[in-house]
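Student: Reminder that position 97 of the sequence shown reads as 354 in this note's numbering, one-by-one numbering, no gaps.
Input: one structure, supplied below.
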Amino acid sequence: MKPTYIVESRKDYKQKLGNHIMFVMQKRGQIALYVIIAIIIVAAILVIFLVPNLRTNITGGEFSPVSYLKGCIGPEVNSNIELLAKQGGYINPEGFILHEGTKIKYLCYTAKDYETCVVQQPMIKNHFEKELNSILEARANNCARNLKVEYEKRGYSVSSSSVESQVSIIPSKIRIDFLTPMTITKESTSTYKGFEVEIPSEMYELLLTAQSIIDYESTYGDSETTLYMQYYPNLKIEKLQVDDGSTIYTLTNVVSKESFTFASRSLVWPPGYGLR
């Protein structure tokens, strides 16, 4: 039998050891808690100091007038290009064929049989630009005025003159030039002669192809569309012959999904011709 003092000594040792372990665990827990609190405090300080700077960079220093104008006028450009393209490049076409409720402009036409057509619009691209510019003029003015207001909201002093806009259809894009000189001042002064906005589009290729087809129609009375599609892999051309001898052409870029539709009536043979 073990002496009582030894048993009690071991009990005391176990109790002291247990108390020590508990003390160490509590200390570690407290230290971990302090570390977490310290991390939270540091993170809060970083947020307080960095977020205002981040907000300033996003809404102030990095504000892009071109991006603003593109967002303002871009949807209007796309919707009106689609409208014009369905009607042969005209807002209110005269000399058209009505097909499925749409007025499609004759870009080459003759009412006579046996004769090649007369070109109705020798500069299809230029006319399309003119029509689109006319449609967008009011919207362009509003966007330029709103740009000035947006700068003023951000604490800038803005001086600007009258607004003019100009549409150009060029390879792979539609370009809108805002010819509106503007001077903005805050901590420093910046002067702009104008702003250039570009909208992705393949309309240039479609309009030039339409011009070429019209040239063939006026010269030979028809066109061989397979040659165009061989040369332009992204181009699809559909020819629809209607009862009066007219042809409705639809040119589509299969990648961008843009299309241009127009009509022609050329070298028409009357019903029964050649029959005896």
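In this text, a Cβ means the ideal position worked out from N, Cα and C, and glycines have one as well.
Could you give the distance in angstroms between the alpha-carbon of Met279 and the alpha-carbon of Arg411?
Tutor: The pLDDT assigned to Met279 is 49, lower than 50, so where the model puts this residue is not dependable, and the model offers no usable value.
Student: Between which two residues does the alpha helix (DSSP H) containing Pro332 stretch?
Tutor: 322-343 is the extent of the alpha helix (DSSP H) around Pro332.
Student: Rounded to whole angstroms, what is the Cα-Cα separation between Glu339 and Tyr325?
Tutor: When rounded, the distance between both Cα atoms is 23 Å.
Student: If distances are taken between C-alpha atoms only, which option among Val334, Ile330, Val415 comes closest to Glu515?
Tutor: Checking every option, the nearest Cα to that of Glu515 belongs to Val334.
Student: In the DSSP assignment, find the unbroken beta strand (DSSP E) run with Val424 in it and report its ends.
Tutor: Where Val424 is concerned, the enclosing beta strand (DSSP E) stretches over 422-427.
Student: Do the CB positions of Glu453 and Ile433 come within less than 9 Å of each other?
Tutor: Closer than 9 Å, so yes.
Student: Would you check whether the ligand MG has a heavy atom nearer than 8 Å to the C-beta of Leu341?
Tutor: Inclusion of the ligand MG in the displayed structure is not the case, the ligand content being empty and no account of it being possible.
Student: In this structure, does DSSP put Asn510 in helix, strand or coil?
Tutor: Looking at Asn510 - three-state DSSP - the assignment turns out to be strand.
Student: When the Cα atoms are used, what is the spatial distance from Asn398 to Met460?
Tutor: Whole-angstrom Cα-Cα distance: 24 Å.
Student: Between which residues of its own chain and Gln510 is the CB-CB distance below 6 Å, once the five residues before and five after are set aside?
Tutor: Note on residue identity: the sequence assigns Asn, not Gln, to residue 510. Within the same chain, Asn510 has close Cβ partners Glu459, Asn491.
Student: Which residue wins for smallest C-alpha separation from Met486, given the options Val424, Ala467, Tyr363?
Tutor: Comparing Cα positions, the closest option is Ala467.
Student: Would the stretch 416-429 and the stretch 340-350 be scored as touching if the rule is three or more Cβ pairs under 8 Å?
Tutor: Contact fails: fewer than three Cβ-Cβ distances are below 8 Å.
Student: Keeping to the same chain, check which residues put their C-beta closer than 6 Å to that of Leu524; ignore five residues upstream and five downstream.
Tutor: Same-chain partners within the cutoff: Thr373, Gly478.
Student: Could you have a look at Cys365 and say whether DSSP puts it in helix, strand or coil?
Tutor: DSSP places Cys365 in strand when its eight states are reduced to three.
Student: Beta-carbon separation of Ser503 and Ser480 under 9 Å?
Tutor: No; because the gap between Cβ atoms is not below 9 Å, this pair is not in contact.
Student: Tell me the DSSP secondary structure of Val406 in three-state form.
Tutor: Three-state result, Val406: helix.
Student: Is it the case that the stretch 430-450 contacts the stretch 467-476, given that we only count it when at least three CB pairs across the two stretches are under 8 Å?
Tutor: Output reads no: the stretch 430-450 does not touch the stretch 467-476.
Student: Does the distance from the C-beta atom of Leu355 to that of Ile348 stay below 9 Å?
Tutor: No, the Cβ-Cβ distance between Leu355 and Ile348 is not below 9 Å.
Student: Name the two residues that bound the continuous alpha helix (DSSP H) containing Asp472.
Tutor: Its alpha helix (DSSP H) spans residues 460-477.
Student: Considering only residues of the same chain and omitting the five flanking positions on each side of Glu386, which have a CB-CB separation below 7 Å?
Tutor: Val424, Ser425, Ile426, listed in sequence order.
Student: Which of the three DSSP states, helix, strand or coil, is assigned to Arg522?
Tutor: Correct three-state label for Arg522: strand.
Student: Would you tell me roughly how many angstroms separate the C-alpha atoms of Cys400 and Thr476, rounded to the nearest one?
Tutor: When rounded, the distance between both Cα atoms is 45 Å.
Student: Ser419 and Met439: beta carbons closer than 9 Å?
Tutor: Going by C-beta atoms, Ser419 is not nearer than 9 Å to Met439.
Student: Which of the three DSSP states is assigned to Ser391 in this structure?
Tutor: Ser391 falls in the helix class under three-state DSSP.
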